[in-house]
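K.L.:
Pasting a structure below so you can have a look.
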Amino acid sequence: MLFHSATFLVSVTVLVALYWLAPWHRVRLQLLFLSSLVFYGWRHWPSVFLLLGSIAVNYTLGRLLESRRSKALLAFGVTINLSFLAYFKYGRFAVDQLISLGALVGVELEVPKPDAWMPLGISFFTFQVIAYLVDVYRKEIPAERSLLVFAVFKSFFAQLVAGPIVRGKEFLPQLHRAVPFELARIHRGAWLVLCGLFLKVGVADVLGDYVDYAWKFPETLGINNAWLTIYAYAAQLLADFWGYSTMAVGLALCFGLTLPVNFENPYGASSLRDFWTRWHITLSVWLRDYLYISLGGNRVSRGRAAFNRLVTMALGGLWHGAGWNYVIWGVLHAAWMELELVTQTFRARWPKWLGVVITFHVVVFLWIPFRAPSLAALGTMLSRLVSAPWDINTPTQTAVMTLGFLVLQKPLFSLVRAERADTLKPLAEVALAAAMVWLLLAYGSARQDFIYYVF
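Count along the sequence shown from 1, add 20, and you get the number used in the working numbering.
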């Protein structure tokens with residue numbers, strides 16, 4: 021069920037009321053678990069059985085790892101989880117590459133392809149549960165003994181489909197505590213939900229209509245509209261994913277739960293390394309803690325450390341989708357970060373604003389392979405950016421919204437913060453909320469999925 025649909029918003033309002041009216045904490049957890057299954061299975065109910073199976077298997081593995089600390093058992097658990105991810109997300113891609121490889125050597129292969137459907141959020145909840153198993157193995161957290169608590173940890177609807185990727189040591193203790201009802205918490209949560217809706221429907225979806233059309237026919241773009249397209253996509257992607265994460269944090273607050281912040285003004289970063297401490301923060305931390313450090317991190321030779329970063333970013337790119345464009349995107353990020361390391365002495369003399377401007381444009385350009393539906397479309401867009409004629413028809417609304425959002429992102433981040441809502445004067449808060457609601461009504465709702473739903 022889409023966060024920005026009327027059905028979901030009405031349903032979750034009822035759920036919040038029932039949750040706080042429930043007399044016992046266990047009943048609250050049961051409500052969260054059952055409602056999470058309903059919300060998750062709304063679009064594709066067979067996915068629920070995969071989720072339930074994952075809960076049962078990983079709960080058992082966690083208990084076994086605590087009683088018998090075994091690398092073989094951990095490897096088995098990680099392999100099981102990655103196997104499901106590989107089958108559903110990368111199976112068809114792998115078969116297509118195998119068939120193409122056979123064609124290159126003159127062999128016609130007939131290989132059955134896996135089913136086309138992919139369970140929503142499988143990348144997110146796979147990484148979440150792998151982190152849990154590794155943390156149990158490392159004795160950073162005890163294995164969860166309550167199956168109900170573990171089931172809520174694994175399936176909580178606010179973060180199940182597109183994050184943030186929660187860690188057991190952060191979230192599991194919260195599920196054991198019965199927190200009292202606080203109207204201020206509901207107020208902050210509702211404010212964040214409204215802000216997330218505004219970012220998604222009032223910004224991301226409006227820009228997305230133009231971006232989708234432009235990428236569908238890139239060969240028709242003039243040089244000015246090609247540049248507008250890549251800037252508009254940078255704004256759309258931030259508004260879309262930041263909007264989802266903001267709604268997720270707000271929804272959790274309405275149930276007395278705290279989720280980690282996933283964005284912190286990423287386009288204000290002064291280097292690409294800084295960018296990855298601000299963008300999709302929970303994924304960056306996961307890749308650092310469970311992949312990069314496991315490969316040796318930077319505690320090895322300079323060449324090996326560069327290789328570790330390359331592998332981490334390439335696999336981070338592939339995590340986003342089954343396509344070479346995502347691998348290219350990840351590799352280019354690793355290459356630019358290496359360039360930053362080589363030139364760090366020279367860059368230290370730059371004013372900070374110059375680093376921000378350069379980093380922003382690097383990120384914008386690297387979003388091109390990330391968004392490209394094919395390598396052919398990628399090549400076409402790159403050519404239109406440098407050699408296309410000027411197009412006299414430029415969508416003014418898209419240009420103004422793109423520029424306004426990118427310029428105002430820093431104050432927007434300050435405004436959206438949960439604690440910021442408490443310091444706004446009541447009249448100003450009502451006016452802002454009314455403006456957001458008006459935009460939502462004017463543009464409609466649930467026109468497009470959240471972009472990260474497909475990841």
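C-beta: ideal position from N, C-alpha, C; glycine also.
#1: Any idea what DSSP makes of Val36, helix, strand or coil?
#2: Name the two residues that bound the continuous alpha helix (DSSP H) containing His45.
#3: From Phe173 to Leu167, what does the alpha carbon distance come to, in whole angstroms?
#4: Looking at the unbroken alpha helix (DSSP H) that takes in Leu335, where does it start and where does it end?
#5: Are the beta-carbon atoms of Tyr60 and Leu140 separated by less than 8 Å?
#6: Would you kindly work out how many angstroms separate the C-alpha atoms of Gly343 and Arg112, rounded to a whole number?
#7: Would you say Ala246 and Ala354 are within 8 Å of each other, going by their C-beta atoms?
#8: Helix, strand or coil for Asp411, going by three-state DSSP, please let me know.
#9: When we look at the beta-carbon of Trp356 and count the other beta-carbons within 10 Å, is it buried (16 or more) or exposed?
#10: Using a Cβ-Cβ cutoff of less than 7 Å, which residues in the same chain neighbour Phe298 once the five nearest sequence positions on both sides are dropped?
#11: Roughly how many angstroms separate the alpha carbons of Glu86 and Ala76, rounded to a whole number?
#12: Check whether the Cβ atoms of Leu307 and Thr332 sit closer than 8 Å, and answer yes or no.
#13: At 4 residues or longer, and completely inside the stretch 151-197: list those alpha helix (DSSP H) runs for me, N to C.
#14: Excluding five sequence neighbours on each side, which residues of the same chain lie with their C-beta closer than 8 Å to the C-beta of Ile161?
#15: Need the endpoints of the alpha helix (DSSP H) that Arg293 sits in, please.
#16: Using only the alpha-carbon positions, how far apart do Pro393 and Pro238 sit?
#17: With Trp387 and Ala252 assumed to form a contact (beta carbons below 8 Å), what rounded beta-carbon distance in angstroms separates them?
#18: Alpha carbon to alpha carbon, what distance is there between Leu426 and Tyr110?
#19: Distance check for Thr146 and Ala272, CA to CA, integer angstroms please.
#20: Using C-beta distances below 8 Å, list every residue in its chain close to Leu292, excluding the 5 sequence neighbours before and after it, in chain order.
#21: Tell me the DSSP secondary structure of His24 in three-state form.
#22: At what residues does the alpha helix (DSSP H) containing Ser74 begin and finish?
#23: Tell me whether Val34 is buried or exposed, calling it buried when 16 or more other Cβ atoms sit within 10 Å of its Cβ.
#24: According to DSSP, is Trp373 part of a helix, a strand, or is it coil?
#25: Closer than 8 Å by C-beta to His300: which residues in its own chain qualify, once you throw out the five before and the five after it? Chain order, please.
#26: What's the gap between the Cα of Ala453 and the Cα of Ser25?
#27: Using DSSP with H/G/I as helix, E/B as strand and the rest coil, what is Arg313?
#28: Name the two residues that bound the continuous alpha helix (DSSP H) containing Thr416.
#29: Determine the direct distance from the alpha carbon of Leu257 to that of Leu402, and round the result to whole angstroms.
#30: So, Trp349 versus Phe390, is the Cβ gap smaller than 8 Å?
#31: Leaving out the 5 sequence neighbours to the left and right, which residues in its chain are closer than 6 Å to Gly209 when beta-carbon positions are compared?
#32: Apply the 10 Å Cβ neighbour rule to Phe470 and answer buried if 16 or more other Cβ atoms are within range, or exposed otherwise.
#33: Can you check whether the CB of Trp410 is closer than 8 Å to the CB of Ile142?
#34: Mind reading off the beta-carbon distance from Met138 to Phe104? Whole number of angstroms is fine, and I expect it under 8 Å.
#35: How long is the line joining the alpha carbons of Leu279 and Thr365, rounded to whole angstroms?
#36: According to DSSP, simplified to helix, strand and coil, what is Gln256?
P.N.:
This is what the structure gives:
#1: helix
#2: 45-61
#3: 10 Å
#4: 322-340
#5: yes
#6: 11 Å
#7: no
#8: coil
#9: buried
#10: Sequence inspection shows Arg at residue 298; the Phe mentioned does not correspond to that position. Closer than 7 Å at Cβ, skipping near neighbours: Phe283, Glu284, Asn285, Pro286, Ala289.
#11: 16 Å
#12: yes
#13: 167-175, 177-180, 188-196
#14: Tyr152, Asp155, Gly188, Lys189, Leu192
#15: 292-295
#16: 11 Å
#17: With 8 Å as the limit, Trp387 and Ala252 do not qualify as a contact, their Cβ atoms being about 11 Å apart.
#18: 34 Å
#19: 20 Å
#20: His353, Trp356, Met357, Glu360, Thr379, Val382, Val383
#21: coil
#22: 66-87
#23: exposed
#24: helix
#25: Gly183, Phe261, Asn282, Phe283
#26: 18 Å
#27: Reading off the sequence, residue 313 comes out as Ile, not Arg. Three-state result, Ile313: coil.
#28: 416-427
#29: 19 Å
#30: yes
#31: Gly270, Leu273, Cys274
#32: buried
#33: no
#34: The Cβ separation is near 11 Å, so there is no contact.
#35: 37 Å
#36: helix
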